[in-house]
Structures are given as C-alpha cells and as structure tokens.
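*Asks:* Per mature numbering (1 follows the signal peptide of the UniProt record, and there is no 0): the sequence shown = residues -24 to -1, 1 to 79.
For glycine and all other residues, C-beta sits at the position ideal for the given N, C-alpha and C.
I'd like to ask some things about the structure below.
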Amino acid sequence: MKIPNFKLLITAVFTFGVMIVANAQQTEVKTRENSLLEASLKKADAKSENSLFYINKKETDIETVKKIPAEDIKYVMVLKDDKIRKKFKEKGITQIVMITTKS
C-alpha cells in the first residue's frame, strides 16, 4: 500500500471513530436528562390506573407523555406517598407525574 493511500485510510478510520463516540455521548446525555421521567413511565406502565399525568398543569394520559420529545421538556416533578393529597389517595393514585415543557 502506498503512503498516501495509507494516510487516507487512517484518516477515514479516525473520522468514523470520532463520529461514533460523539453520537454515543449525545445519546447518553439525553437519557440522563430524562431518567426521572423514564423511571416514572416504566412504573406507570405497570400500573397506569394508579398514576396521574399532567403536562403544563393539564391532565393527560401516559401515551401523550411518551410522545413528548426530550428536548421539549423543561422539568419533571413526581409526587408520591405523603405529597399526594388525600383526595387522590382515596382514588388509589400512587404517583402524580407533572411535566413542564419549554413552550
């Protein structure tokens, strides 16, 4: 193999490797940003009748919550146990997930 071809091969392999690492890091950050929401959704899937969901203070369902793009979420608050009002406990609600979007 000639030197110019070898340099081109090394450059291509290096560029490809950098692209893979950059993509993996970006995906990892998105997962970390929504770990609370993801954990709440997993728990809610198992017992969806025991969870309430709110987006921007409006009640919604779990399917709507799953469709929200990660980059549109400003913050997530999960209320459980003692923080849930008595009226919700009487209905069997075990968690309330409140999501605020950026828009």
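Mind reading off the beta-carbon distance from Ile38 to Leu13? Whole number of angstroms is fine, and I expect it under 8 Å.
*Replies:* So it is not a contact: roughly 11 Å between Cβ atoms.
*Asks:* Quick check on Thr77: does DSSP put it in helix, strand or coil?
*Replies:* In the structure shown, Thr77 adopts extended strand secondary structure according to DSSP, grouped into three states.
*Asks:* Count the other CB atoms, across all protein chains shown, that sit within 10 Å of the CB of Phe29; report buried if there are 16 or more and exposed otherwise.
*Replies:* buried
*Asks:* Going by the beta-carbon positions, is the gap between residue 112 and Ile75 smaller than 7 Å?
*Replies:* No information on residue 112 is available, as it lies outside the stretch -24 to 79 that the chain covers here.
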